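What follows is a set of notes on a single structure, which appears directly below.
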Amino acid sequence: MATIRFLRQSSRLHGALLILVVSGILPTAALSEESAGEGRQLPALSGDTVTVNGNGRTVWLHPTDAGLQQKQMVIPRLCAPIRSIRWTSESDAEIRFTPELTTWAFSWQEAPANPVIQVMLDGDPVLLQDQSVVTPDGDGSVMLHAHQATTTGEKLRFEPQWYKNTVGYWTVASDYASWKFAVDQPGTFSVALLQGCGKGQGGSDGVVSLFQGDDCKAEVSFQALETGHFQNFRWNHLGHVTIAQAGQYELRITPRKIARNAMFDVRMVHLVRQAQPAE
């Protein structure tokens with residue numbers, strides 16, 4: 002079983018750049034003797050350092066000569082959480098995983114003789130530009146997940162690790178996250194965020210806005226709740242918005258003021274249609 006290390010950068014102490022290394026082992030699933038094989042090649046995910054094959058929710062990363070020289074493989078960011086990362090051969094060699102803003106990097110110091118990495122996902126390996134607009138559930142509610150978010154700015158990103166699965170690294174007040182969704186009829190919706198915020202980090206101010214094009218149609222302000230840890234997620238119920246007509250919208254979460262080092266991490270946004278009063 003390979004050891005997986007997750008890397009992220011931080012600039013939280015007087016502007017000094019620190020590297021935080023979080024060591025841990027991802028849960029791994031046994032390779033069912035590769036019964037289904039590696040499927041087909043995925044050119045859209047392949048690049049200078051890697052050739053990617055895919056079968057369902059599993060992808061296999063084969064290093065190119067450049068990847069072997071650089072000791073890393075880089076693929077585009079996918080719209081799916083990660084369940085597990087492992088070498089296909091039995092090896093204790095460490096794999097380092099680093100989620101960047103638009104790419105994911107898998108690196109190593111020592112690789113096994115057959116240096117192929119298997120990545121199991123909790124969704125299809127869809128690129129950000131290829132994902133579908135989120136549609137309502139049967140009751141008219143809309144659930145927006147972190148892996149569906151577009152992140153805009155300097156630091157904000159989707160962190161797909163199994164214990165995170167969040168939009169995180171919200172340290173710059175101009176960074177924002179957005180989701181595209183549709184509603185099939187107008188109405189009033191409650192708005193809630195599944196969010197985590199570290200000890201002593203609560204109190205940041207933000208706003209959830211609904212846009213059609215450049216026009217803001219509705220918004221609700223909120224304050225980030227301290228939950229004791231950025232990966233200790235709790236629902237933060239913000240209030241209500243009224244959507245005047247059916248159609249496609251963009252929901253944005255934007256900071257107004259970051260109280261301490263980071264605003265919070267967000268795993269889900271839930272819009273729940275409210276019952277109409279009887280006439």
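Each step along the sequence shown adds one to the number in the numbering used here, with nothing skipped, and position 76 is 77.
The C-beta atom is built at its ideal place from N, Cα and C for all residues, glycine as well.
Computed from a predicted model, the values in this text were never measured in an experiment.
Between the CA atoms of residue j and residue i - distance to the nearest angstrom
i	j	result
proline 116	aspartate 93	12 Å
threonine 103	alanine 276	40 Å
threonine 203	alanine 178	Note that residue 203 is glycine in the sequence shown here, rather than threonine. Taking the straight line joining both Cα atoms gives about 19 Å.
proline 205	glutamine 213	Per the sequence shown, the amino acid found at residue 205 is serine instead of proline. Whole-angstrom Cα-Cα distance: 26 Å.
glycine 139	leucine 226	30 Å
valine 168	aspartate 266	6 Å
arginine 253	alanine 114	46 Å
valine 221	tyrosine 170	22 Å
proline 100	alanine 45	18 Å
alanine 263	serine 210	20 Å
glycine 141	glycine 201	37 Å
leucine 128	asparagine 56	15 Å
threonine 53	phenylalanine 98	The sequence given here places valine at residue 53; threonine does not occur at that position. Cα-Cα distance, rounded: 16 Å.
arginine 235	glutamate 251	23 Å
proline 281	threonine 255	Since the displayed the chain opens at 2 and closes at 280, residue 281 lies outside it and no answer follows.
proline 28	arginine 78	Only weak support is given to the placement of proline 28: the predicted model assigns it a pLDDT of 43, under 50, and the value that follows is read from those uncertain coordinates. When rounded, the distance between both Cα atoms is 21 Å.
arginine 261	proline 82	28 Å
aspartate 216	lysine 165	33 Å
aspartate 185	valine 143	11 Å
proline 137	leucine 157	26 Å
leucine 272	glycine 38	40 Å
glutamate 281	alanine 112	Here the chain comprises residues numbered 2 to 280, so residue 281 is not present and cannot be evaluated.
lysine 218	glutamine 130	24 Å
aspartate 66	arginine 274	53 Å
CB contact flag (residue i, residue j, <8 Å)
i	j	result
isoleucine 244	glycine 188	yes
tryptophan 163	arginine 84	yes
threonine 153	aspartate 176	yes
alanine 174	methionine 269	no
threonine 172	glycine 197	no
leucine 145	arginine 58	no
leucine 43	proline 161	no
glutamine 110	glutamate 95	yes
glycine 48	isoleucine 76	yes
glycine 248	alanine 183	yes
phenylalanine 231	glycine 199	yes
Sequence-distant residues of the same chain with beta carbon closer than 7 Å to residue i, five excluded per side
i	result
glutamine 73	Thr50, Ala106, Phe107, Ser108
glutamine 246	Pro187
Beta-carbon contacts of residue i that lie in its chain and below 6 Å, excluding the five residues immediately before and after
i	result
glutamine 119	Trp61, Arg87, Thr89
asparagine 233	Gly197
glycine 68	Thr50, Val51, Met74
phenylalanine 223	Gly207, Leu239
isoleucine 259	Ala174, Ser205
Chain-order list of residues whose beta-carbon lies under 8 Å from that of residue i (same chain, five-residue window excluded)
i	result
glutamine 285	No answer is possible for residue 285: it lies beyond the span of the chain, which begins at 2 and ends at 280.
Proximity test, Cβ basis, 8 Å: residue i and chain C
i	result
serine 47	Going by chain labels, chain C is absent from the structure shown, which holds only one protein chain.
Complete beta strand (DSSP E) runs within the segment 179-208 (minimum length 3 residues, chain order): 188-198
4-residue-minimum alpha helix (DSSP H) runs that sit fully inside the segment 48-107, ordered along the chain: 66-71
Whole runs of the beta strand (DSSP E) within the segment 235-270, excluding any shorter than 3 residues: 248-258
Touch test, the segment 231-239 against the segment 182-200, Cβ-Cβ under 8 Å, three pairs minimum: yes
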